[in-house]
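In my numbering, the protein residues as written are -11 to 234.
Below is one structure, written out as structure tokens; the observations come after it.
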């Protein structure tokens, strides 16, 4: 019986074309460091740092630490000379990208219904962004004030999708068993891989990402609206909660 629901953010609770979003984000960020270093070198270092986070399996290092170590090791600039510019970007420029998303009130309805039914809920977004950038996106989705038990951000996470360690860390922090979790997402690889650790999975249609291989178990799928209906009516993955958490 499910006790926790994990929600991906980009393309799931916040409908968007993630690839297009990232292109705009990079194109706006790089020029802002031009007075400090070559923008093209910056982009290369940014991607290398991101890849470092994606590969890291050291439980003693946060994604933020891995990114900083990797990023700073390949640029000719000290942290104190560039970090303020990056922080300013995330605080003031990043929020202007909200027009690249298609927020829907259904996201909030789903979160509120899950809480009403007694589920523990978490935002299981790939933690390769600073907390500020992730919370801006929660705000765009209209759910920044929802009392999630956990939001995975790069300052506080040690692993990334699609590693099994990422999902194990979440269910351990939520103090539930993997088979008591439902992972809701739009990525057939990074989200549906949760099935490998024993979680049930729900694929959200609309902005599905599918790299072809590998393929993982999808227990149910549908639009956000269909997800809300199934949750509210307690059918499918959301059945059998009449005796708990009331």
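The beta-carbon is built from N, C-alpha and C at its ideal position, and this holds for glycine as well.
The model shown is predicted, which means the values in this text are computed figures rather than measured ones.
For the pair residue 212 and residue 151, the Cα-to-Cα distance works out to about 25 angstroms. Here the stretch 41 to 48 makes no contact with the stretch 62 to 69; the two share fewer than three CB pairs at distances below 8 angstroms.
When DSSP states are grouped into helix, strand and coil, residue 109 belongs to the strand group.
Between the stretch 181 to 189 and the stretch 158 to 167 there are three or more inter-stretch CB-CB distances shorter than 8 angstroms, so the stretches are counted as touching.
Straight through space, the alpha carbons of residue 72 and residue 119 are spaced by roughly 15 angstroms. With fewer than 16 other Cβ atoms inside 10 Å of its own Cβ, residue 43 counts as exposed.
Pairing residue 121 with residue 112, the inter-Cα distance amounts to about 14 angstroms.
Residue pairing from DSSP places residue 209 in a beta bridge opposite 191. Setting aside the 5 residues that flank it on each side, residue 194 is surrounded in the same chain by -1, 3, 174, 211 and 212, each with a C-beta closer than 8 angstroms to its C-beta; the list follows chain order. If you check the CB distance, residue 1 and residue 129 come in under 7 angstroms.
Your pair residue 189 and residue 207 checks out as a contact, with CB atoms roughly 5 angstroms apart and the cut at 8 angstroms. Cα atoms of residue 66 and residue 136: separation of roughly 36 angstroms, rounded to the nearest angstrom.
For the options 215, 68 and 172, the alpha carbon positioned closest to that of residue 205 is the one of 172. Separation of residue 82 and residue 74 (C-alpha to C-alpha, rounded to the nearest whole angstrom) is 10 angstroms. In the three-state scheme derived from DSSP, where H, G and I count as helix and E and B as strand, residue 173 is classed as strand. Residue range 27 to 43 is occupied by the alpha helix (DSSP H) that includes residue 30. DSSP places residue 70 in the uninterrupted alpha helix (DSSP H) bounded by 67 to 76.
As far as DSSP is concerned, residue 121 takes part in no beta bridge. Residue environment for residue 145: buried (at least 16 other C-beta atoms within 10 angstroms of its C-beta).
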